[in-house]
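First comes the structure, then the notes that go with it.
In the numbering used here, the protein residues as written are 25 to 383.
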């Protein structure tokens with residue numbers, strides 16, 4: 025199971041650079057420290073850089089690694105016995121993070137407008153993939169959840185999706201959206217898998233509700249107006265299903281949330297460091313990015329004269345999302361027991377099996 029930590033804005037010491045997120049500023053001074061060694065590689069030629077005692081080589085490596093647009097990986101199954109000679113870039117970067125190295129934020133705070141524009145661009149691509157693409161041929165659930173590059177195929181005019189098609193495309197477009205975040209290139213395959221498993225469904229619930237809320241609807245539905253539940257469940261505990269489909273939208277309507285607020289909340293949800301089985305270095309990366317988006321959300325609330333009270337109101341939506349996710353899990357687990365029926369295995373059922381699995 026996953027817990028979603030309560031988020032408190034602060035002036036934390038760290039952030040990671042990302043296109044559309046706060047660019048770090050680096051300390052101009054170095055405090056020379058003698059009689060100890062680099063926390064990363066053990067070199068004796070050291071100074072105080074990025075919050076830790078390290079050598080100039082590791083300082084420069086960390087600076088370049090946090091700016092590179094190219095994904096890095098480990099050739100030794102992400103389990104290097106790191107040394108000054110065996111300089112695996114992936115393991116060296118994660119050792120930097122574990123020793124406490126950080127990219128320091130600008131004193132002016134996050135560039136909220138730029139962050140929001142970047143999220144809007146990503147979100148528009150997600151919408152386009154959902155509405156105008158079809159399920160790629162021969163795609164498997166394993167490929168979906170292992171950061172494989174998804175090549176979306178155009179949907180032919182007149183193509184109609186059923187419940188299962190929409191379900192797969194919703195998952196797929198949300199996962200593709202998540203892979204656009206810069207921090208994804210620094211996570212190990214194991215961390216990517218658990219992040220997708222425990223965070224992308226919360227994000228998918230949010231954007232599904234956001235689409236229906238923007239359309240003036242009272243319950244969540246697919247883009248063509250069809251129900252988010254299959255027709256086979258009609259008549260099963262209607263009040264329970266109505267709560268799943270409508271509680272989040274109802275709260276959005278009460279708060280009169282804006283697109284900008286929901287985009288920033290979605291980014292915070294995807295950067296949840298409290299997911300089960302996440303590595304310590306993965307948690308550090310996610311926490312730094314979550315704080316950046318949290319600061320941007322707080323700044324957005326203040327700029328629009330909502331005041332600090334608006335910030336916790338927007339974050340409170342996460343508790344409804346978590347409850348919705350739990351109810352969906354309970355329903356998908358109990359309904360087949362109460363109403364057993366033959367369901368043909370397909371990509372959608374494989375996705376559900378993965379989300380319900382223990383590992």
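Note that CB positions come from ideal geometry on N, CA and C, so glycine has one too.
### Task
Take residue 165 and list the residues in its own chain whose beta-carbon comes closer than 6 Å to its own, dropping the five residues that flank it on each side.
374, 375 and 378
### Query
How big is the Cα-Cα spacing for residue 117 and residue 340?
34 Å
### Query
Taking all protein chains shown into account, do 16 or more other C-beta atoms lie within 10 angstroms of the C-beta of residue 145, making it buried, or fewer, making it exposed?
exposed
#### Entry: For residue 230 and residue 167, the rounded distance between their alpha carbons
Distance between the alpha carbons of residue 167 and residue 230 is about 23 Å.
### Task
Just the C-alpha distance for residue 151 and residue 198, rounded to the nearest angstrom, thanks.
9 Å
### Message
Let's see if you can read the secondary structure: which residues bound the alpha helix (DSSP H) around residue 86?
### Response
80-89
### Query
Which first and last residues belong to the beta strand (DSSP E) in which residue 71 is found?
70-73
### Query
Going by Cα to Cα distance, which pick from 381, 61, 104 and 204 is closest to residue 222?
381
#### Entry: Given residue 316 as reference, the closest of 220, 294, 304 and 266 once Cα atoms are compared
294
### Task
Output the boundary residues of the alpha helix (DSSP H) element that contains residue 223.
213-238
### Task
Could you pull the start and end residues of the alpha helix (DSSP H) that residue 188 belongs to?
187-202
### Message
Going by the DSSP bridge assignment, what does residue 177 pair with across the sheet?
### Response
158, per the DSSP bridge assignment.
### Query
Name the DSSP beta bridge partners of residue 76, please?
Beta-bridge annotation (DSSP): residue 76 is paired with 73.
### Query
Heavy atom of the ligand HEM less than 6 Å from the Cβ of residue 151, yes or no?
Judged by which ligands are present, the structure shown has none, so any question about the ligand HEM falls away.
### Query
How long is the line joining the alpha carbons of residue 216 and residue 300, rounded to whole angstroms?
Distance between residue 216 and residue 300, taken at the CA atoms: about 12 Å.
#### Entry: Distance CB(residue 89)-CB(residue 77) smaller than 7 Å
no
### Task
Spatial neighbours of residue 174 within its chain, please: CB distance less than 7 Å, with the 5 preceding and 5 following residues excluded, ordered by chain position.
Same-chain partners within the cutoff: 160, 196 and 200.
### For residue 70 and residue 147, the rounded distance between their alpha carbons
44 Å
### Euclidean distance between Cα positions of residue 115 and residue 104
6 Å
### Query
Using 8 Å as the Cβ pair cut-off and three pairs as the minimum, do the stretch 175-194 and the stretch 302-319 touch?
no
### Through-space distance from residue 352 to residue 109, alpha-carbon basis
Caution applies to residue 109, whose pLDDT of 47 falls short of 50 and renders its modelled position unreliable; the model cannot decide the point.
#### Entry: Distance between residue 94 and residue 119 (C-alpha atoms, nearest Å)
19 Å
### Backbone secondary structure at residue 315 - three-state DSSP
Looking at residue 315 - three-state DSSP - the assignment turns out to be helix.
### Task
Please go through the same chain and pick out, in chain order, the residues whose beta-carbon is closer than 7 Å to the beta-carbon of residue 52, but skip the five residues on each side of it.
Note that residue 52 scores 33 on pLDDT, short of 50, meaning its location in the model is unreliable and no value can be drawn from it.
### Message
Between which residues of its own chain and residue 193 is the CB-CB distance below 6 Å, once the five residues before and five after are set aside?
### Response
154
### Task
Could you check if residue 84 is buried or exposed, using at least 16 other CB atoms within 10 Å of its CB as the buried criterion?
Using a 10 angstroms sphere on the CB of residue 84, the tally of other CB atoms stays under 16, which defines it as exposed.
### Query
What does a CB cutoff of less than 6 Å around residue 233 pick up in its chain, not counting 5 residues either side in sequence?
Taken in chain order, the residues that qualify are 244, 272 and 273.
### Query
What's the gap between the Cα of residue 252 and the Cα of residue 185?
12 Å
### Message
Suppose you measure from the CA of residue 344 to the CA of residue 163; what does that come to, to the nearest Å?
### Response
32 Å
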